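J.:
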Amino acid sequence: MSSQPYSCSVPCKETPQYLHVVIGGIVVIFLIFVLQHVLTGSALISLIIFNMIFLLTFPLRGPLWCKIIWLLLGNTVGVLWSLIRLSFSLVLKTDFYGIDFFLNHIIDFLWVVPIWSLALSSLCILKHRKKNIENPK
Amino acid sequence: MIWILNLILVLLIAVMSAYLIRHYIFTLTALYYRGGQPSFIPSRSYQPTVSILIPAHNEEKVIGRSLQRTIELTYPREKLEIIVIDDGSTDQTSEIVESFAREYEQIKVIHRTKGEGGRGKSIVLNEGLKHATGEVIFCFDADYYPQRDIIEKLTAYFVDPKVGAVQGRVTVLNEPSTLVTRLVALERIGGYRVDQLARDDLRLIPQFGGTVGGFRRDLLESLGGWDPKMLAEDTDLTFRAYLAGYKIRYINEAECYEEAVETWQSYGHQRYRWARGHMQAAFRHLWPLIRSQNLSLREKIDGFLLLNVYFMPLFVVLAWILGATSFSIQSSESTTFYLFLPSIFIYSAIGNFAPFFEVGIGAYLDGRERICRLIPLLLIAFLFNVVICTKAFFDICISKIVGRSSYKWTKTSHRGSGNDFINVSDKEKGK
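One line per chain: the protein sequences are P and W, in this order.
If you read the first sequence in my numbering, its first letter stands for residue 8, the second for the next number, and so on.
If you read the second sequence in my numbering, its first letter stands for residue 37, the second for the next number, and so on.
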């Protein structure tokens, strides 16, 4: 009736990349500083939230350059998205009585989640590639 | 009037925030937490006798494959019995199962008549339990395709006398078939690779999923077996085991493939049954859970959230409606208006991201490069679940008021598309 406990828990856990988080944090602060000169209101808040959410990706394993590129790409898409949204509301000249306030950040998910999932997919690919180079079959 | 609206909204946001915090805690635990419970390697010195119950109702397309796999299991044959309960099948299931039973002595078959069949899984499993002789009772669905050493991996945990049940991981076999199977695969990744694992690591309430899991026979008998009145018999059994003072362990490395539903219609039927069954279990177990002396505070909190999880889509919709109403009728100069603005905004943005984060990290941990890209499409499944859960809630309320249940058990049908992804002979296909 005896059994040996594992020395390490299965499945193995990741070690957070703290240095990446610090560098990512600095980049995010810089981006927010720049963005506040370009955007205001809900568009700015949306991008701040995207940056906060994206910071959760920085502790993951994977190259820092990949994370920063996706962060910059996400911000670019976010700015373009906000401009398109703003153009629409100007063209339509409508006030949705506050409903748009609730819808805006739900609609923003249409770009936030895809950008994040593509970034995650890239990190997965690079992680695999690195593993294959380190341990060729 | 407005303050009542605001109060309800605050309560809803508080409940939803609890779930969002839970999502983030589970995800970060699955990623980084190393202080989990001890894992056990299969030990040859502890190998109890095992009975595997396989209920089968019109499963001709998958039962052969499943039985072939069970006879390939590496667990010692003299300690393993496989009991197939043919639940009044009207197709070739009976003949396929009999042909396997003639060839392999460890396979036993119980036939239920056509009149008795199709009345729910619990009745069938209880029938199997009567004939089972093993110390540990495992359940596998007829479409499941386990790892060869899955029984060793799962039974190893029964060395701990506090462990009453174990649960393995379910992954989708026919993932590339349709969009629905791919989304189900993502849900499974989030549910098992992150949720169940984190629950086990944090000593919370890992759930017995009704299949790819096993119970101590004496515990199962003392609990009275599966309750035929419950639609989610697995959730019901989970909570009865915890309330009796036992623990359930989740073993991530014990994997079993399932054939996922392929159409939105089948998905809807399955999820409706889960949602209604889960709500039924919540009504039954919430109060005993709160009062239980056998559970720690953290287990009670997790159990509470787990039992109410199918009410969440309903709460989200309610919060949207109330939020929009409150926003449009309140003066923009009032203090509450400015208190609500940031909290709703932040919740909606960061909070709604939590389930995507959980599933995405699960896929990342599994090294699933391409399926990550489908994460945004989970929004479709979520919206579909809103409708399903709302319907289940109103149906269960009506049945409580009327005093009788109008639900008729609908079994998930399997087309055998999983056969395309493994080497299956004609005999296993039932030809």
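All C-beta atoms, glycine included, are put in the ideal place defined by N, C-alpha and C.
It should be emphasised that the depicted structure is a prediction, and the values quoted were computed from it without experimental measurement.
Report back the beta-carbon spacing between P:Val-120 and W:Pro-391 to the nearest angstrom; my notes put them in contact at under 8 Å.
T.: Position 113 of the first sequence, counting from 1, holds the residue named residue 120 of chain P. Position 355 of the second sequence, counting from 1, holds the residue named residue 391 of chain W. At roughly 10 Å, the Cβ-Cβ gap does not stay under 8 Å, so P:Val-120 and W:Pro-391 are not in contact.
J.: Using DSSP with H/G/I as helix, E/B as strand and the rest coil, what is W:Asp-123?
T.: On the second sequence, position 87 is the one that residue 123 of chain W refers to. Note: W:Asp-123 maps to strand in three-state DSSP.
J.: Any beta-carbon of chain W closer than 8 Å to the one on P:His-135?
T.: Indexing the first sequence from 1 puts residue 135 of chain P at position 128. Cβ-Cβ to chain W under 8 Å: yes for P:His-135.
J.: Following the continuous alpha helix (DSSP H) through W:Val-422, name the residue where it begins and the one where it ends.
T.: In the second sequence, the residue the question calls residue 422 of chain W occupies position 386. W:Val-422 -> alpha helix (DSSP H) spans 414 to 438.
J.: Pull up the CB-CB distance for W:Lys-283 and W:Lys-198, whole angstroms please, since I reckon it's below 8 Å.
T.: Counting from 1 along the second sequence, the entry for residue 283 of chain W is found at position 247. Counting from 1 along the second sequence, the entry for residue 198 of chain W is found at position 162. Right, the Cβ-Cβ distance comes to about 5 Å (below 8 Å), so this counts as a contact.
J.: Nearest chain P C-beta to W:Phe-430 closer than 8 Å, yes or no?
T.: Walking along the second sequence from the start, residue 430 of chain W turns up at place 394. W:Phe-430 does not count as touching chain P.
J.: Please compile the residues from chain P whose C-beta is within a distance smaller than 9 Å of the C-beta of W:Phe-393.
T.: As a first step, residue 393 of chain W must be located in the second sequence, where it is residue number 357. Those are Ile-60, Leu-63 and Trp-123, listed as they occur along chain P.
J.: Does any CB atom of chain P fall closer than 8 Å to the CB of W:Glu-134?
T.: As a first step, residue 134 of chain W must be located in the second sequence, where it is residue number 98. By this cut-off, W:Glu-134 is not an interface position.
J.: For P:Leu-130, decide whether its Cβ has a neighbour in chain W, counting only Cβ atoms nearer than 8 Å.
T.: Here residue 130 of chain P corresponds to residue number 123 of the first sequence, with the count starting at 1. So yes, P:Leu-130 belongs to the interface.
J.: Sort W:Lys-144, W:Ala-192, W:Thr-271 and W:Ser-362 by Cα distance to W:Val-46 and report the nearest one.
T.: Within the second sequence, numbered from 1, the residue matching residue 46 of chain W stands at position 10. Nearest C-alpha to W:Val-46: W:Ser-362.
J.: Of the residues W:Thr-217, W:Tyr-68, W:Asp-236 and W:Leu-190, which one's Cα is nearest the Cα of W:Arg-334?
T.: Translated into positions along the second sequence, residue 334 of chain W becomes position 298. If we check each option's Cα against that of W:Arg-334, W:Asp-236 comes out closest.
J.: For P:Lys-74, return the contacting residues in chain W, with the cut-off set at a CB-CB distance below 8 Å.
T.: Indexing the first sequence from 1 puts residue 74 of chain P at position 67. Result: empty, since nearest Cβ-Cβ is about 13 Å, beyond 8 Å.
J.: Compute the Euclidean distance between the alpha carbons of P:Tyr-13 and P:Leu-127, then round it to the nearest angstrom.
T.: To locate residue 13 of chain P, count along the first sequence from 1; it is residue 6. To locate residue 127 of chain P, count along the first sequence from 1; it is residue 120. Any answer about P:Tyr-13 is weak, because its pLDDT of 39 lies below 50 and its placement is not dependable; what the coordinates show is given next. Cα-Cα distance, rounded: 30 Å.
J.: Put W:Ala-92 into one of helix, strand or coil per three-state DSSP.
T.: As a first step, residue 92 of chain W is located in the second sequence; it is residue number 56 there, counting from the start. Strand.
J.: List, in chain order, every chain P residue whose beta-carbon is nearer than 8 Å to that of W:Pro-112.
T.: Position 76 of the second sequence, counting from 1, holds the residue named residue 112 of chain W. Those within 8 Å of W:Pro-112 in chain P number zero; the least Cβ separation is about 16 Å.
J.: Helix, strand or coil for P:Cys-19? Go by DSSP, reduced to three states.
T.: Position 12 of the first sequence, counted from the first residue, corresponds to residue 19 of chain P. Coil.
J.: Which of the three DSSP states is assigned to W:Arg-252 in this structure?
T.: What you label residue 252 of chain W is simply residue 216 of the second sequence in a count that begins at 1. Strand.
J.: Please return the same chain residues whose Cβ sits closer than 8 Å to the Cβ of P:Asn-139, not counting the five positions on each side in sequence.
T.: Taking the first sequence and counting its residues from 1, the one referred to as residue 139 of chain P is at position 132. Excluding positions up to five away in sequence, the list is empty.
J.: Hey, would you say W:Glu-405 sits closer than 8 Å to P:His-135, going by beta carbons?
T.: Position 369 of the second sequence holds residue 405 of chain W. Position 128 of the first sequence holds residue 135 of chain P. In contact: W:Glu-405 and P:His-135 (Cβ atoms closer than 8 Å).
J.: What do you get for W:Ile-121, buried or exposed, if any count of 16 or more other CB atoms within 10 angstroms of its CB means buried?
T.: Counting from 1 along the second sequence, the entry for residue 121 of chain W is found at position 85. Answer is buried; the Cβ neighbour count reaches 16.
J.: Thinking C-beta only, is W:Tyr-346 closer than 8 Å to W:Ala-234?
T.: The residue given as residue 234 of chain W occupies position 198 in the second sequence. The residue given as residue 346 of chain W occupies position 310 in the second sequence. Not in contact: W:Ala-234 and W:Tyr-346 (Cβ atoms no closer than 8 Å).
J.: Per DSSP, what kind of secondary structure is W:Arg-148 in: helix, strand or coil?
T.: Start at 1 with the first residue of the second sequence, and residue 148 of chain W comes out as number 112. Reduced to three states, the DSSP call for W:Arg-148 is strand.
J.: Taking only beta carbons into account, state which residues of the region 19 to 30 of chain P come closer than 7 Å to chain W, listed in chain order.
T.: Of all residues in the region 19 to 30 of chain P, Lys-20, Glu-21 and Pro-23 have a Cβ within less than 7 Å of some Cβ in chain W.
J.: What's the gap between the Cα of W:Glu-114 and the Cα of W:Val-172?
T.: By 1-based counting over the second sequence, the position of residue 114 of chain W is 78. By 1-based counting over the second sequence, the position of residue 172 of chain W is 136. Cα-Cα distance, rounded: 14 Å.
J.: What are the residues that DSSP puts in a beta bridge with W:Ile-284?
T.: Taking the first residue of the second sequence as position 1, residue 284 of chain W is located at position 248. DSSP, once it has assigned bridges, lists W:Ala-201 as partnering W:Ile-284.
J.: Just to confirm my understanding: we take P:Gln-43, look at its own chain, exclude 5 residues before and 5 after, and list those with CB closer than 8 Å. What are they?
T.: Position 36 of the first sequence, counting from 1, holds the residue named residue 43 of chain P. Around P:Gln-43: Leu-51.
J.: Out of W:Asp-254, W:Ile-337, W:Ile-432 and W:Tyr-60, point me to the one whose CA is closest to W:Gly-170's CA.
T.: Taking the second sequence and counting its residues from 1, one reaches residue 170 of chain W at position 134. Closest by alpha carbon: W:Asp-254.
J.: For W:Thr-274, which residues does DSSP report across the bridge?
T.: Looking up residue 274 of chain W in the second sequence gives position 238. None, per the DSSP bridge assignment.
J.: Does DSSP put W:Ala-168 in a helix, a strand or coil?
T.: Your numbering for residue 168 of chain W matches position 132 in the second sequence. In this structure, W:Ala-168 counts as coil in the three-state DSSP scheme.
J.: Rounded to the nearest angstrom, how far is the Cβ of W:Trp-262 from that of W:Leu-161, given a contact under 8 Å?
T.: In the second sequence, the residue the question calls residue 262 of chain W occupies position 226. In the second sequence, the residue the question calls residue 161 of chain W occupies position 125. The pair is a contact, with the Cβ atoms about 5 Å apart (cut-off 8 Å).
J.: Less than 8 Å between CB atoms is the rule here; does W:Phe-389 satisfy it with respect to chain P?
T.: In the second sequence, counting from the first residue as 1, residue 389 of chain W sits at position 353. Answer yes: the Cβ-Cβ gap between W:Phe-389 and chain P drops below 8 Å somewhere.
J.: Are W:Tyr-400 and P:Leu-67 closer than 8 Å when you measure CB to CB?
T.: Here residue 400 of chain W corresponds to residue number 364 of the second sequence, with the count starting at 1. Here residue 67 of chain P corresponds to residue number 60 of the first sequence, with the count starting at 1. Yes, the Cβ-Cβ distance between W:Tyr-400 and P:Leu-67 is below 8 Å.
J.: Judging by CA-CA distance, which residue of W:Gln-301, W:Pro-84, W:Glu-96 and W:Arg-224 is the nearest neighbour of W:Leu-116?
T.: On the second sequence, residue 116 of chain W is found 80 positions in, with the first residue counted as 1. Among W:Gln-301, W:Pro-84, W:Glu-96 and W:Arg-224, the Cα nearest to that of W:Leu-116 is on W:Pro-84.
J.: If I'm right that W:Tyr-228 touches W:Arg-205 with Cβ under 8 Å, what's the distance once you round it to whole angstroms?
T.: Here residue 228 of chain W refers to the residue found at position 192 when the second sequence is read from its first residue. Here residue 205 of chain W refers to the residue found at position 169 when the second sequence is read from its first residue. That pair is a contact at about 5 Å.
J.: Express the C-alpha separation of W:Gly-226 and P:Ser-16 in angstroms, rounding to a whole number.
T.: For the purposes of this step, residue 16 of chain P is taken as the residue at position 9 of the first sequence. For the purposes of this step, residue 226 of chain W is taken as the residue at position 190 of the second sequence. Note that P:Ser-16 scores 41 on pLDDT, short of 50, meaning its location in the model is unreliable; the coordinates nonetheless yield the value given after this. Using only the alpha carbons, I get a separation of about 19 Å.
J.: Excluding the five sequence neighbours on either side, which residues of its own chain have a C-beta within less than 6 Å of the C-beta of P:Val-28, listed in chain order?
T.: Here the question's residue 28 of chain P lines up with position 21 in the first sequence. Answer for P:Val-28: Phe-65 and Pro-66, listed in chain order.
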